[in-house]
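Trainee: Once you've had a glance at the structure underneath, I'll fire off some questions.
Numbering (our numbering), first residue to last: 631 to 1150.
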């Protein structure tokens, strides 16, 4: 125990050569596997529901159960790290993730699958923050920006790859394989991580368990996550269930904040928000991620439901976002120590605004190249988004605070991603309904263009009722497209506004974020 306690005072030397390369690979692979699994099941819900004999609505609990458990466990990373140590906790998370993935694939019914997904989401929580903390500790102080860049590439590409890979596996094999693929990857990651990091354990402290804080966290986060996931399905605040969940989440959050502020050993270190860099940086990255993630949901839905793209074709339109993200991330990592991180983050938000202004000009006859140009630019924006803002968020923090800060910032970002998706899809539906109603005001026997359209369809052998259905479908496509462009305009202006949050921060000199990470 004494040797563990001395770890923060005697920093582990940076890794070098093959160990550094392998350490970077396996930590990034663990993150990729984790992020991928949060989105890979989305496109497989119809296959899972049909195979297990349940409705698609029941099938969505496969997504909700993982999201709720994951959202609860991510902010606990800091507290769990002090109890067990970074390396032991990370290893345990990976091995339990492998076991829970295998259980998901073996599930004979929906109840077993949901229980396995709860376990999978819970054990996945600490993996992302700890992979970030361990990676920062592996590099020299002068190279921490590059470490963040290499780590960030996986979090950028995985959400895009998830639906693509999930769709391909469901179409060509069977749905259990979306979970089985984690087993060999996870075992390799666990073996390589232990081989490299077993002698690099962090300080371990035996702290009392804040049972009330933990209970309140489970209540308010669980209620909020279920409310976000089920809101659209239950018609939001027209549902008593959603109103109840919202009240529980709000009251639970208030009590949680009050309780945690008075605890000597809280489960979540809310004092991190006293730092200007942390609070402003978390706001900027979380709202930005919410807008990005919301568009990630809207774009494929619009392409598939309105423009008759297949899931694979829609995936191909979205996939190129990873090209510039992968190419530019190492470049950004290299220049970040020499440039004010706020400038790079501001350029990212300007590029995001450009992307959404371009998308706001989409029409129902948009061609592939017009769809691809904003997607490619978005990849460049993403490479300048995560890395500088993460660097700002972690700057000036003590080494032992890094896992807690990473866990808390990732928690807020993930929750904002869920909120962004829920809000965007709800607004899209309501704006579509509004535009549909406005367009249909110009139909009927008193409008010559409408009458001519019905007659033209009749000449093609389509009966009057069929002609009305065809015209209604055309109106629906137009209304949904107009609604989507409304949201893209809104997102563009919001990204411009987020630049203000970036300049509320005061980044330390280039070595600051690095010292924090490099001291592990």
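Each residue gets a CB set at the ideal place from its N, CA and C atoms; glycine is no exception.
The alpha helix (DSSP H) spanning residue 1015 covers which residue range?
Mentor: Where residue 1015 is concerned, there is no enclosing alpha helix (DSSP H), given that its DSSP letter is neither H nor E.
Trainee: Are the Cβ atoms of residue 689 and residue 675 separated by less than 8 Å?
Mentor: yes
Trainee: How many Å lie between residue 649 and residue 821 at the Cα?
Mentor: Each residue's alpha carbon lies about 13 Å from the other.
Trainee: Please go through the segment 819-869 and give each complete alpha helix (DSSP H) segment of 4 or more residues, from N-terminal end onward.
Mentor: 841-860
Trainee: Would you say residue 990 and residue 1131 are within 8 Å of each other, going by their C-beta atoms?
Mentor: No, these two residues do not count as a Cβ contact at 8 Å.
Trainee: Please state the DSSP three-state secondary structure of residue 769.
Mentor: If DSSP states are grouped into helix, strand and coil, residue 769 belongs with coil.
Trainee: Measuring straight from C-alpha to C-alpha, what distance separates residue 677 and residue 808?
Mentor: 11 Å
Trainee: Helix, strand or coil for residue 1026 per DSSP?
Mentor: coil
Trainee: In the DSSP assignment, find the unbroken alpha helix (DSSP H) run with residue 900 in it and report its ends.
Mentor: Taken as a continuous stretch (DSSP letters only), residue 900 belongs to no alpha helix (DSSP H), as it is neither H nor E.
Trainee: Between the segment 1055-1066 and the segment 715-726, are three or more C-beta pairs nearer than 8 Å?
Mentor: no
Trainee: For residue 803, count the other beta carbons within 10 Å of its own beta carbon; 16 or more makes it buried, fewer makes it exposed. Which is it?
Mentor: So residue 803 counts as exposed.
Trainee: Tell me whether residue 884 is buried or exposed, calling it buried when 16 or more other Cβ atoms sit within 10 Å of its Cβ.
Mentor: exposed
Trainee: Does residue 859 pass the burial test, meaning 16 or more other C-beta atoms within 10 Å, or should it be called exposed?
Mentor: buried
Trainee: Roughly how many angstroms lie between the CA atoms of residue 792 and residue 666, to the nearest whole one?
Mentor: 5 Å
Trainee: Pick out whichever of 1099, 1126, 1057 has its Cα sitting closest to the Cα of residue 865.
Mentor: For the residues 1099, 1126, 1057, the minimum Cα distance to residue 865 belongs to 1057.
Trainee: Which residues in the same chain as residue 1136 place their Cβ atom closer than 7 Å to its Cβ, once the five residues preceding and following it in sequence are excluded?
Mentor: Around residue 1136: 906, 907.
Trainee: Can you find the residues in the same chain that come closer than 6 Å, C-beta to C-beta, to residue 694, ignoring five residues on each side of it along the sequence?
Mentor: Exclusion of the five residues before and after residue 694 leaves 859 as the residues of its chain whose Cβ lies within less than 6 Å of its Cβ.
Trainee: Among 1021, 1116, 750, 1028, which has the Cα closest to the Cα of residue 1151?
Mentor: Residue 1151 is absent from the model: the chain starts at 631 and stops at 1150.
Trainee: Ends of the alpha helix (DSSP H) at residue 707?
Mentor: 707-714
Trainee: Decide yes or no for the touch test of the segment 942-956 against the segment 1002-1012: beta carbon pairs closer than 8 Å, at least 3 of them.
Mentor: Counting Cβ pairs under 8 Å, three or more are found: they touch.
Trainee: Drop a sphere of 10 angstroms on the beta-carbon of residue 637, count the other beta-carbons inside from all chains shown, and report buried for 16 or more, exposed for fewer.
Mentor: With a pLDDT of only 40 at residue 637, under the threshold of 50, the placement of this residue in the model should not be trusted; the figure read from the coordinates follows. So residue 637 counts as buried.
Trainee: Spatial neighbours of residue 974 within its chain, please: CB distance less than 6 Å, with the 5 preceding and 5 following residues excluded, ordered by chain position.
Mentor: Counting only residues of its own chain and dropping the five nearest sequence neighbours on each side, residue 974 has a CB closer than 6 Å to the CB of 1014, 1018.
Trainee: Taking residue 986 as the reference, give the member of 657, 923, 1082, 749 with the closest Cα.
Mentor: 923
Trainee: Excluding the 5 residues flanking residue 784 on each side, which residues of the same chain have their C-beta closer than 8 Å to its C-beta?
Mentor: 658, 659, 661, 662, 665
Trainee: Mapping the DSSP letters down to three states, classify residue 636 as helix, strand or coil.
Mentor: In this prediction, residue 636 scores a pLDDT of 39, lower than 50, which makes its location untrustworthy; no coordinate-derived value is stated.
Trainee: Which residues in the same chain as residue 929 place their Cβ atom closer than 7 Å to its Cβ, once the five residues preceding and following it in sequence are excluded?
Mentor: 948
Trainee: With a Cβ-Cβ cutoff of 8 Å, do residue 896 and residue 843 count as a contact?
Mentor: Remark: C-beta atoms of residue 896 and residue 843 approach each other more closely than 8 Å.
Trainee: In three-state DSSP terms, what is residue 992?
Mentor: coil
Trainee: Leaving aside the five residues before and after residue 631 along the sequence, list all residues of the same chain whose C-beta is less than 8 Å from its C-beta, in chain order.
Mentor: Per-residue confidence for residue 631 stands at a pLDDT of 37, beneath the threshold of 50, marking its modelled position as unreliable; no derived number is given.
Trainee: What does the alpha-carbon distance come out to for the pair residue 749 and residue 730?
Mentor: 6 Å
Trainee: Beta-carbon separation of residue 1124 and residue 960 under 8 Å?
Mentor: no
Trainee: Exposed or buried, which one is residue 761 when buried takes at least 16 other CB atoms within 10 Å?
Mentor: Classification of residue 761: buried, given that the 10 Å Cβ count is 16 or more.
Trainee: Give the C-beta separation of residue 794 and residue 739 to the nearest angstrom, bearing in mind that I take them to be a contact with Cβ-Cβ under 8 Å.
Mentor: Actually they do not touch by this definition, with Cβ atoms about 28 Å apart.
Trainee: Given a threshold of 16 other Cβ atoms within 10 Å of its Cβ, counted over all protein chains shown, does residue 890 qualify as buried or as exposed?
Mentor: buried
Trainee: Could you check whether residue 936 and residue 944 sit closer than 8 Å to each other, using their CB atoms as the reference points?
Mentor: no
Trainee: Helix or strand or just coil, what does DSSP make of residue 1090?
Mentor: coil
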